[in-house]
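Those sequence lines, one after another, are chains A and B.
Using my numbering, the letters of the first sequence map in sequence onto residues 1 to 235.
Using my numbering, the letters of the second sequence map in sequence onto residues 1 to 209.
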Amino acid sequence: MAKLNTNSNAYTIIYASVMVIIVAFLLAFVASSLKETQDANVLRDTKSQILASLNIREVADVDAKYEEVIKGENEDGTKIALIDGEEKLVVPVKGAGLWGPLWGYVAINKDGQTVFGTFFNHESETAGLGARIKEQWFQELFQGKKIFDGDEVVLGVYKKGKAPAGLSADSYVDAVTGATLTSNGVNDMIQKCLTANKDAIKAFRGGCEGGKCHMGEGECDAQADSCCQDTINNE
Amino acid sequence: MSLFSKENGEVFKSPLNLNNPIAVQVLGICSALAVTSQLKPAIVMGLSVTVITAFSNVIISLIRKTIPNRIRIIVQLVVVAALVTIVSNILKAYVYDVSVQLSVYVGLIITNCILMGRLEAFAMQNGPWESFLDGVGNGLGYAIILVIVGFVRELLGFGTLFGFQVIPDCCYTEGGGLYMNNGMMTMPAMALIIVACVIWVHRSINKEA
Chain A
1 MAKLNTNSNA YTIIYASVMV IIVAFLLAFV ASSLKETQDA NVLRDTKSQI LASLNIREVA
61 DVDAKYEEVI KGENEDGTKI ALIDGEEKLV VPVKGAGLWG PLWGYVAINK DGQTVFGTFF
121 NHESETAGLG ARIKEQWFQE LFQGKKIFDG DEVVLGVYKK GKAPAGLSAD SYVDAVTGAT
181 LTSNGVNDMI QKCLTANKDA IKAFRGGCEG GKCHMGEGEC DAQADSCCQD TINNE
Chain B
1 MSLFSKENGE VFKSPLNLNN PIAVQVLGIC SALAVTSQLK PAIVMGLSVT VITAFSNVII
61 SLIRKTIPNR IRIIVQLVVV AALVTIVSNI LKAYVYDVSV QLSVYVGLII TNCILMGRLE
121 AFAMQNGPWE SFLDGVGNGL GYAIILVIVG FVRELLGFGT LFGFQVIPDC CYTEGGGLYM
181 NNGMMTMPAM ALIIVACVIW VHRSINKEA
């Protein structure tokens, strides 16, 4: 057999074309045959992230638990959950970290003010530094923190001793050591997205709709959200 | 030639020590800095690189006689990229948790200089079995250094190993002791210094290398 001239132009071009076609088919085949499993994984992962923000972590059957807990979804993407007979509002948050996107969920108590739980995730923050926002201990720091001061979202993440003067210790958590930029990203993300969802949070906390309180108890006057004010005062 | 001849043993062993890709050839340094602040990602990264180096070495070695010389680097790159994409797809479908934890690092394996280095220097001239051994050896040689650096950084930077606390609370200043975690260890710059120390020790032990 005559030795093939592997250096000729024709051979090079044909070789490259054939290689590209084979690899393209191979990758397309792998991607499409695995797509269904991957999508199911992604969906289940999203559900488990939402559950994590409600302090339900490491459940065996995510789908069943999700069905059980999540009671409804609003048009703006916020979700209503029912935990131990009490409603929680789950607000999705999205922002930017140091290397890539950050996202998460903030679950808010019925008073529209106190954080019930949080979950944060990231795409490519530095392992061991920024990536630690994904860990439970950091997310649990937020539990019980107050979101609003008056009408303004003040909940934030600050370096130790660097919080703005006058901010109550109830309204911020300490940043992750060595990950200032990621922590700032979490801070901006929370403030931006909670501010954008301010109306949804207010509506959740109560108020009037057709003379009935959202809280379900009693009548209210159509002018102001008297019911919700009462509830907060009572607490 | 038998599968486990002396030469083949040498092919496998030399990158672990005398010809270590990081300590001697100083390849793949960039990823060694990024993923070694804790042990677990360091180990997973080391294993992924080992698997991908081994298999891309085998594939290139099988087709080495047909590759046109002028586009050989492109061919190598296509093989590596295809392999990494397939591996990352399989991880996503069957071990979703692990793929989430590795995130961007799986994709970054494509740019690891060790892979291209081994393909060009070894797989293009040698048979599939030798290339496989060479790939596994180099991958493990890389993994060893990553684990050493990850061990030192996690222990001194966080006081933990694999996420478990090993330095007792009472040693810390908060608990009345004198010890504080070294925040410097969590920075990438410190990985460079530790890699340098590893190379220093390695060279003083192996003077002839």
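Built from N, CA and C at the ideal position, the CB exists for glycine as well.
Quantities reported herein were computed from a predicted structural model and do not represent experimental measurements.
Check                                                                                                                                 : Outcome
C-alpha distance - Val-51 of chain B paired with Ser-99 of chain B, whole-angstrom precision                                          : 15 angstroms
Alpha helix (DSSP H) segments (min. 4 residues) lying fully within the region 17 to 95 of chain B                                     : 29 to 34, 39 to 63 and 72 to 94
Cα-Cα separation, Gln-113 of chain A to Ile-86 of chain B                                                                             : 47 angstroms
Chain-ordered chain A contacts of Met-116 of chain B [CB-CB under 9 angstroms]                                                        : Those do not exist, as Met-116 of chain B stays about 17 angstroms from chain A at its closest Cβ, beyond 9 angstroms.
Residues near Gly-100 of chain A in its chain [Cβ-Cβ closer than 8 angstroms; skip 5 each side]                                       : His-122, Glu-123, Ser-124 and Glu-125
Where Thr-177 of chain A falls: helix, strand or coil (DSSP)                                                                          : coil
Length of the line joining the Cα atoms of Ala-42 of chain B and Lys-134 of chain A                                                   : 18 angstroms
Test: Asn-9 of chain A CB closer than 7 angstroms to a CB of chain B                                                                  : no
DSSP-derived helix/strand/coil call for Gly-211 of chain A                                                                            : Confidence at Gly-211 of chain A is low in this model, with a pLDDT of 45, below 50, so the placement of that residue should be treated as unreliable; the coordinate-derived value is given next. Gly-211 of chain A falls in the coil class under three-state DSSP.
Beta-bridge partners of Pro-101 of chain A, as assigned by DSSP                                                                       : A:Ala-96
Glu-86 of chain A burial status per 10 Å Cβ neighbour count (16 or more: buried)                                                      : exposed
Simplified DSSP state of Thr-236 of chain A, which is helix, strand or coil                                                           : Because chain A is modelled from 1 through 235, residue 236 of chain A falls outside the range shown and cannot be assessed.
Proximal residues to Ala-200 of chain A (C-beta, below 8 angstroms), its chain only, five neighbours per side dropped                 : Asn-74, Asp-76, Thr-78, Leu-89 and Val-91
Close-in-space but distant-in-sequence residues of the same chain around Ser-88 of chain B (CB under 6 angstroms, 5 per side omitted) : Val-106
Residue nearest to Ile-211 of chain B in terms of C-alpha spacing, selected from A:Ile-83, A:Gly-130 and A:Thr-6                      : This structure gives no information on residue 211 of chain B, because the portion of chain B shown stretches from 1 to 209.
C-alpha gap between Leu-77 of chain B and Met-116 of chain B, whole angstroms                                                         : 8 angstroms
Nearest residue (CA-CA) to Glu-140 of chain A, options A:Ala-107, A:Ile-80 and A:Lys-202                                              : A:Ala-107
Distance, Phe-148 of chain A Cα to Val-154 of chain A Cα                                                                              : 6 angstroms
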